[in-house]
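Trainee:
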Amino acid sequence: MRYLSNVAENRLSMLEHQRDVTDRMLASATECERENEDADWDCVIATLTDTKSNLEHQIETISDWDQERLEDIAHDRADHMRQLRLEDA
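Next up, the structure:
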């Protein structure tokens, strides 16, 4: 289980980095569109916006999964401690 957590943590870090890079690219494309009215940046901006949304969705999914995993671990530990107390009684 610890291995899966490390994999999820690494994936989350990579996705957050990709989101930050995409956000900077989106800002640059928006600035280029403002500076050069003759160029059509709509497709680039739309693609980057979709990419950023997808990355945010993946980040949210992994974060939710990890939170559920931590809650399950806490619940399992609490059950184990209750069981130990019952055995000692």
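Quick note: the sequence shown, position 7, residue 404 per my numbering, numbers continuous. Cβ coordinates follow ideal geometry from the N, Cα and C atoms, glycine included. Here the structure is a predicted model, which is why all the values come from computation and not from measurement.
1. I believe isoleucine 442 touches threonine 427 by the beta-carbon criterion, under 8 Å. Please report the beta-carbon distance rounded to the nearest angstrom.
2. Could you check where the alpha helix (DSSP H) with aspartate 438 kicks off and where it finishes?
3. Out of Asp435, His414, Val404, Asn403, state which residue places its alpha-carbon closest to the alpha-carbon of leucine 452.
4. On the premise that arginine 408 lies in contact with isoleucine 470, defined as a C-beta separation below 8 Å, what is that separation, rounded to the nearest angstrom?
5. Can the beta-carbon of tryptophan 438 be found closer than 8 Å to that of glutamate 432?
Mentor: Per the coordinate set shown:
1. Sequence index remark: in the sequence shown, residue 442 carries index 45 (1-based). Sequence index remark: in the sequence shown, residue 427 carries index 30 (1-based). A Cβ-Cβ distance of about 6 Å is found for the pair isoleucine 442 and threonine 427, placing them in contact under the 8 Å criterion.
2. To locate residue 438, count along the sequence shown from 1; it is residue 41. Residue identity differs from the one stated: residue 438 is tryptophan in this sequence, not aspartate. Careful: tryptophan 438 lies outside any alpha helix (DSSP H) and carries neither H nor E.
3. Walking along the sequence shown from the start, residue 452 turns up at place 55. Restricting attention to Asp435, His414, Val404, Asn403, the CA atom closest to the CA of leucine 452 is found in His414.
4. Against the sequence shown, residue 470 aligns to sequence position 73. Against the sequence shown, residue 408 aligns to sequence position 11. The Cβ separation is near 19 Å, so there is no contact.
5. Translated into positions along the sequence shown, residue 438 becomes position 41. Translated into positions along the sequence shown, residue 432 becomes position 35. It is not a contact, given that the beta carbons lie outside the stated cut-off.
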